[in-house]
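Student:
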Amino acid sequence: MNKDLLYQQFYRRWIEVVDLPPQTIGPLTPVYKRVVPFLKHAPWRILIPVALILVCIVALVHNLTAPQVASLLQRGF
Numbered sequence: 238m239n240k241d242l243l244y245q246q247f248y249r250r251w252i253e254v255v256d257l258p259p260q261t262i263g264p265l266t267p268v269y270k271r272v273v274p275f276l277k278h279a280p281w282r283i284l285i286p287v288a289l290i291l292v293c294i295v296a297l298v299h300n301l302t303a304p305q306v307a308s309l310l311q312r313g314f
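Under the working numbering, residue 314 is the last one in the sequence shown; the count climbs by one each step, no gaps.
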């Protein structure tokens, strides 16, 4: 009977540890749930345009020419 009690205590503790509620990130949860499937399936569809937009923004903000942008990106690698 002692083993049954020990098992019941273990089982209760196991349920506490394993049973986690769904995680949320506050008000951004619906946006996160819409964006993540696209990133899991084909991340390049989103990452390449975002990268190009960021490079254009950096070039415009810092008034860079194409060779300067290429040099800047090469320094990153």
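Cβ coordinates follow ideal geometry from the N, Cα and C atoms, glycine included.
Below 7 Å between beta carbons: does that hold for residue 296 and residue 306?
Tutor: Yes, the Cβ-Cβ distance between residue 296 and residue 306 is below 7 Å.
Student: Go through its chain and collect everything with a Cβ distance to residue 292's Cβ below 8 Å, but skip five positions before and after it.
Tutor: Within the same chain, residue 292 has close Cβ partners 306 and 310.
Student: Compute the beta-carbon to beta-carbon distance between residue 276 and residue 283, rounded to the nearest angstrom, for a pair I have assumed lies under 8 Å.
Tutor: So it is a contact: roughly 6 Å between Cβ atoms.
Student: At the level of alpha carbons, what is the spacing between residue 263 and residue 269?
Tutor: Cα to Cα, the separation comes out at about 10 Å.
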